[in-house]
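See below for the structure under consideration.
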Amino acid sequence: MKKMMTIVSVLLCSCVVQAEDNWVSLEKSGGEALFQEKCGMCHGDSMGMGTGILGRRMPEEQALLENREDLQAPFIENVVRSGFGVMFPMSRGEVSDDQLQSIIDYLAVED
Amino acid sequence: MQLVLPPDISAGAFDRALQEFRAVVGDEWVFASDQDRDTYLDHFGFDQSAHVASAAVAPSSAEEVQAIVRLANEFKIPLWPISRGKNFGYGSAAPVVSGSIILDMSRMKKIQMDLENGVVLLEPGVGFYDLFDYVEEHNVPYWISPIGNSWGSVVGNALDRGVGYTPYGDHASRVCGMEVVLPDGDIVRTGMGAMEGSETWNLHPYGFGPGWQQMFMQSNFGVVTKAGMWLMPKPEVIINLDMELDKMDDLGWAIDTLAPMRRSGLLLQSPSIGNWLRAAAVLTSRTDWYNGEGSIPEDVITNIRQAFGLGWWSINLRLYGYEEIALATADKVKEQFAARTSYEMKQSMWKEGQPREIQPFAGVPITFPMMNSRWHGGRGAHVGFSPALPQSGDAALAQFHRTFDRYNEFGMDYHGSFALAERHITNVNQVLFNKDDPDMVDRVDRFFRSMVDDANEQRYGEYRAHIEYMDLISDSYDFNNHAQRRLNEKVKDALDPNGIIAPGKSGIWPAAYRNRRA
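As they're listed, the protein sequences go chains A and B.
For what it's worth, this note's numbering labels the leading residue of the first sequence as 343, then goes sequentially.
For what it's worth, this note's numbering labels the leading residue of the second sequence as 7, then goes sequentially.
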């Protein structure tokens, strides 16, 4: 389901914003696009370190975070801000609190 | 991490400075909690507490960078500029001087694309994945040149003279035109950018008069807020030529075979000859093979090589461009090798329209090679040691044996490669360790210093250094009683009398901090 949402939302959301003087901001918006921008390099399906490491200790499909149905919001927040194993913590400069909340809203299971 | 104040700054002055920074960037873009400080530590560092930021400020524009720099002068607080802070193995986001405030340019993620000329003008926050996505989404006829672990900033990597795998892999050489905020808050554009409104800022590399671009690489003379980068035209084909070398000492003749091909331009990318651990450490952990003390013994190495079909060394060559030319080049390369060896050279080809390999040599960013940080278990890490050697098989072989003996002396597993540039070799050692093992951390520090001493004896200098070792490496550049360092520090004092931009970076210490040199 999340995969389908990915395709639709990438088509719908304005992932790049045309700015003045031909400058284009590559900052994205929306939980799904932000997950891809901030987390996808490790946790996507394209030779990411996080997917690779998780894949050593759980079934392959579960190693992709977007397939998981057990990620709780506080856990995600803690892992992002404090790190986990070889994953480095991410600063608020890299992922703002608002952006992190959008990612959590996209990724976490509902209470 | 608890607060470590900037040197000689009171808590009151620090708080006032943060208030002034907030007025520039907004409350939400100044970070000063214990957790915030943790996020800017060197997570691959031996001793994270040795390099601790006091806070971070995240501007969104060059104008905000200027305002922050002016305030830092007013308060005499040192700034440590980062692009995205992903300089893993060299200090990540952490400053040399504890108490520095991180000038975090992650938010500065704008791009201008000159489609006709294949040039992008980038802010420092643009990462390799950002640029890749942009190029692919817009289907432009150019490829990016990613690095092996592609989290980082395109501009930041080039400024630290990082390298990639395509013919555009010497990233520093592909920078054309910079915008720089100077330590007094002034702003300058290099080369043709010095001419207001010039269309050739990112096309002509020099402009008129002295060229200042190199001055802002690996330095602390300013804060680069924009840089032009040339992109590689999309090739019609890539030809892969791969060879496994069975014996350690095959390295020598292999270097001597490749070097003339680099000099002549037959090979346009920088081929790398790497050892068996490069693949094994990504795909497996040490305990999958061996649980003993000391370096992995030769019989276990043989088992690993057999399991993965690896030589002691692997050569991976890539040819780019038009099919007819690349095929003819491949024949010439194979002919040169056939004159030296009977080892098989495997050839394969990617053609435009086929799915690309997810590999940096195909212009696609990846992060999975950093899985090697788990080789020893625990929270893994690595530190980079990469001296430049002359392009000679004898020199490379001697360097290999010296270094290999040191790995064995300190009980570490050899993890090295030799990358051929046009006229030199860079001997990259990515020293893997478990930072949760105090004994190993202690050994790695002594091991690293011994390798620096050995290289120094041969007069081989490292091209890039971890923040902990910048003074050590700087000290080895000693012609005429360290004349280059004296020049650097004359320039530093002239441009930055308060020493507020990255004191200690590359062993360059401003007068106010010079007594901190290690």
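Beta carbons are placed, not taken as given, at the ideal position from N, Cα and C, and that holds for glycine.
As the structure is a computational prediction, the values presented were derived from the model and not from experiment.
Asked                                                                                                                                                                : Found
Can you confirm whether Met-376(B), when its beta carbon is compared against all beta carbons of chain A, has any partner nearer than 8 Å?                           : yes
Consult DSSP for Asn-472(B) and reduce its assignment to one of helix, strand or coil.                                                                               : A quick correction: the sequence has His, not Asn, at residue 472(B). Looking at His-472(B) - three-state DSSP - the assignment turns out to be coil, as it is neither helix nor strand.
For Ala-394(B), write down the residues that DSSP places opposite it in a beta bridge.                                                                               : Thr-432(B)
I want to see whether chain B comes within less than 8 Å of Cys-381(A), judged by CB atoms only; does it?                                                            : no
May I ask which residues mark the beginning and end of the alpha helix (DSSP H) holding Thr-308(B)?                                                                  : 304–314
Assuming Lys-496(B) contacts Asn-226(B) under a Cβ cut-off of 8 Å, what Cβ separation, rounded to an integer in Å, is found between them?                            : Lys-496(B) to Asn-226(B), Cβ: 14 Å. No contact.
Which one of Arg-380(B), Thr-409(B), Ile-83(B) has the shortest CA to CA distance from Pro-189(B)?                                                                   : Ile-83(B)
Are Arg-429(B) and Arg-167(B) touching if we call contact CB-CB under 8 Å?                                                                                           : no
Please report the straight-line C-alpha distance between Ile-314(B) and Thr-308(B), rounded to a whole angstrom.                                                     : The displayed chain sequence assigns Phe, not Ile, to residue 314(B). Using only the alpha carbons, I get a separation of about 10 Å.
What are the boundary residues of the alpha helix (DSSP H) that Met-392(A) is part of?                                                                               : Strictly speaking, residue 392(A) in this sequence is Gly, with Met absent from that position. Unbroken alpha helix (DSSP H) run through Gly-392(A): 391–396.
Would you mind reading off the limits of the alpha helix (DSSP H) that contains Glu-80(B)?                                                                           : 68–81
Quick check: what's the CA-CA separation for Gly-217(B) versus Gly-513(B)?                                                                                           : 23 Å
Specify the secondary structure class of Phe-5(B) as computed by DSSP and reduced to three states.                                                                   : Since the first and last residues shown for chain B are 7 and 524, residue 5(B) lies out of range.
Taking the straight line between their C-alpha atoms, what separation do you get for Glu-452(A) and His-385(A)?                                                      : 21 Å
For Glu-374(A), which of Ile-395(A), Asn-409(A), Gly-390(A) has the nearest alpha-carbon?                                                                            : Asn-409(A)
Anything in the segment 33–46 of chain B with a Cβ closer than 8 Å to a Cβ of chain A? List those residues in chain order, please.                                   : Glu-34, Trp-35, Phe-37, Gln-41, Asp-42, Asp-44, Thr-45, Tyr-46
DSSP state of Met-235(B), grouped into three classes?                                                                                                                : strand
Would you check if there are 3 or more beta carbon pairs closer than 8 Å linking the segment 284–296 of chain B to the segment 373–387 of chain B?                   : yes
Which residues in chain A have a C-beta closer than 9 Å to the C-beta of Gln-118(B)? List them in chain order.                                                       : Asp-363, Asn-364, Trp-365, Val-366
CA-CA distance, Gly-399(B) and Asp-48(B)?                                                                                                                            : 36 Å
Mind checking His-421(B): buried by the 16 CB within 10 Å criterion, or exposed?                                                                                     : buried
Is it true that the segment 182–197 of chain B meets the segment 228–246 of chain B, where meeting means three or more beta-carbon pairs spaced less than 8 Å apart? : yes
Give the interface partners of Pro-431(A) over in chain B, defined as CB-CB distance under 7 Å, in chain order.                                                      : Asp-44, Thr-45
Could you tell me the alpha carbon to alpha carbon distance between Thr-335(B) and Ile-244(B), rounded to whole angstroms?                                           : 11 Å
Quick one: list the residues of chain B neighbouring Arg-434(A), beta-carbon separation under 7 Å, in chain order.                                                   : Phe-37, Asp-42
Quick check: the Cα distance between Met-429(A) and Phe-377(A), rounded to an integer number of angstroms?                                                           : 16 Å
Is Ala-450(A) close to the ligand PLP? I mean its beta-carbon at under 7 Å from any heavy atom of the ligand.                                                        : With respect to small molecules bound, the structure shown includes none, and the ligand PLP cannot be examined in it.
Less than 6 Å between C-beta atoms, sequence neighbours within five positions excluded: which residues of the same chain meet that for Ser-278(B)?                   : Ser-423, Ala-425
If you draw a straight line from the alpha carbon of Ile-261(B) to that of Ala-450(A), how long is it in whole angstroms?                                            : 52 Å
Compare the beta carbon distance of Cys-182(B) and Leu-209(B) with 8 Å and say whether it is the shorter of the two.                                                 : yes
How close, in whole Å, do the beta carbons of Val-31(B) and Pro-65(B) come, if the pair is a contact with beta carbons under 8 Å?                                    : 5 Å
Would you please state the rounded distance, in angstroms, between the beta carbons of Val-339(B) and Leu-247(B)? I believe it to be under 8 Å.                      : 6 Å
What does DSSP give as the partner residue(s) for Arg-465(B) in the beta ladder?                                                                                     : Paired residue(s): none; Arg-465(B) is not in a bridge.
Taking C-beta to C-beta, are Asp-477(B) and Ala-524(B) nearer than 8 Å?                                                                                              : yes
Does Thr-432(B) get closer than 8 Å to chain A when you measure Cβ to Cβ?                                                                                            : no
Within a Cβ cutoff of 7 Å, which residues of the same chain sit near Leu-272(B), ignoring the five residues on either side of it in sequence?                        : Thr-335, Lys-338, Val-339
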